[in-house]
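These notes are about the structure you will find just below.
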Amino acid sequence: MFNMPKKTLILILSLIILLVAGAGVAYWFFTQQVAVTPEPAAEAPSPPKPSAISSGDFTTDRCAEFTDETLRQRCEEVGLAPLVFALIGEAVEQGAERCGVLIDGGDRDFCIAQVAAEQQDKDLCQTLDQGLRSGCVTQVTVATNNFSDCQHLADAQLAESCRQTIVANNASSDEFCKQLPNAEEQSQCLEIYYTREAVRAEDYGMCAKISRTGGKDRCLNALPPDSDGDGLGDYSERALLKTNPFSADTDEDGLSDYDEVKVHRTKPTVADTDGDGFSDGTEVSAGYDPLK
Ligand SMILES: [Ca+2]
Ligand SMILES: [Ca+2]
Ligand SMILES: [Ca+2]
0 MFNMPKKTLI LILSLIILLV AGAGVAYWFF TQQVAVTPEP AAEAPSPPKP
50 SAISSGDFTT DRCAEFTDET LRQRCEEVGL APLVFALIGE AVEQGAERCG
100 VLIDGGDRDF CIAQVAAEQQ DKDLCQTLDQ GLRSGCVTQV TVATNNFSDC
150 QHLADAQLAE SCRQTIVANN ASSDEFCKQL PNAEEQSQCL EIYYTREAVR
200 AEDYGMCAKI SRTGGKDRCL NALPPDSDGD GLGDYSERAL LKTNPFSADT
250 DEDGLSDYDE VKVHRTKPTV ADTDGDGFSD GTEVSAGYDP LK
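In numbering that gives the first Met the number 0, the protein residues as written are 0 to 291.
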């Protein structure tokens, strides 16, 4: 391993880092616990157990726990967490039985959830403890990439995370939402899409496209406040544009701060940007170029 060319080593290290990041997201979904109505004789859900993945254990301290000699050697060569990742990869290829060789209960459960997601098999989730089942089912549902399936999740918050993830993975435009067959789902999807775009570009106008009840307000609440309602957030007005966040037309030239910044590219704090004696608003309304 130590005679490897530097490039190969960097490639392997990058791969491990990517795997850790990907597993982190999956692990979050997996360990999301849902408040379920307790059944009379049901045991309390057990908290997720620490595992090589959640604890980021890259040591070889626990390698002796592998009863299989080959696995023990592999563990000593690469460390525990990389071996766990490799074995999960094998399980995804070969089937959930392979998860059984893992020495740690938390890793075995996580492994089963990965296989369930890959094979889109919710029944596999039923083999997990009650507390981990809903996270597993969520992961499988997200993996099916079917927006409509999210509504079957037991918990409203998980259903919403499921929808947001599917929109994030698929919607490069609002077309993804518009082609959904159900009208209610279309509007749910569009709210998520327009809110995401509004936040990304700090574009208050994007929120106005939301038709779902309360959706426009939820979208505006996700953005920084805009006291004068001119479409530019208070923070941007104060810190970046140096305009008055309580006046929609700071230089009183007849053009709103928003139109000056986003449409005409004139100065929102100078009434006559090109200094020709006519104000920006006068030039625009008379059809002249306020920049010449
Ligand atoms: Ca404003
Ligand atoms: Ca102005
Ligand atoms: Ca101006």
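Every residue, glycine too, gets a C-beta built ideally from N, C-alpha and C.
- For Gln118, the closest of Glu190, Ala95, Gly214, Ala63 by C-alpha to C-alpha distance is Ala95.
- Along the length of the region 66 to 135, whole alpha helix (DSSP H) runs at least 4 residues long occupy 68 to 77, 79 to 93, 104 to 118, 121 to 124, reported in chain order.
- Here the alpha carbons of Leu127 and Ser160 stand approximately 21 Å from one another.
- Beta-carbon to beta-carbon, Asp248 and Leu254 are separated by about 7 Å, close enough to satisfy the 8 Å threshold.
- In the DSSP annotation of this structure, the continuous segment of the alpha helix (DSSP H) that includes Gln187 starts and ends at 182 to 200.
- The Cβ atoms of Asp225 and Thr242 do not sit closer than 9 Å to each other.
- The C-beta distance from Gly214 to Gly230 rounds to 18 Å, too long to fall under 8 Å, and the pair is not in contact.
- Set against 8 Å, the gap from the CB of Glu236 to the closest heavy atom of ligand 1 is smaller.
- With a 10 Å radius around the Cβ and a threshold of 16 neighbouring Cβ atoms, Lys261 comes out exposed.
- Contact check for Cys98 and Phe29: beta-carbon distance about 13 Å, past the 8 Å limit, so the pair fails to qualify.
- Leu101 is the residue among Leu222, Leu101, Leu82, Leu290 whose C-alpha sits nearest the C-alpha of Thr66.
- Relative to ligand 3, the beta carbon of Leu254 is positioned inside 8 Å of a heavy atom.
- Of the residues Glu184, Pro81, Ala51, Ser172, the one whose Cα lies closest to the Cα of Asp103 is Ala51.
- Residue range 155 to 169 is occupied by the alpha helix (DSSP H) that includes Thr164.
- Distances from the CB of Val269 to the heavy atoms of ligand 3 include at least one below 8 Å.
- Checking the 8 Å criterion, the Cβ of Thr249 is within range of a heavy atom belonging to ligand 2.
- If you draw a straight line from the Cα of Glu259 to the Cα of Ala285, it is about 16 Å long.
- Within a 10 Å sphere around the beta-carbon of Lys291 sit fewer than 16 other beta-carbons, which makes this residue exposed.
- Shortest gap from the CB of Leu239 to any heavy atom of ligand 1: 8 Å or more.
- Asp275 is not a Cβ neighbour of Lys266, given a cutoff of 9 Å.
- Between Cys218 and Tyr193 a beta carbon distance of about 6 Å is seen, short of the 8 Å cut, so the two are scored as contacting.
- Between ligand 1 and the CB of Ser226, the shortest heavy atom gap is smaller than 8 Å.
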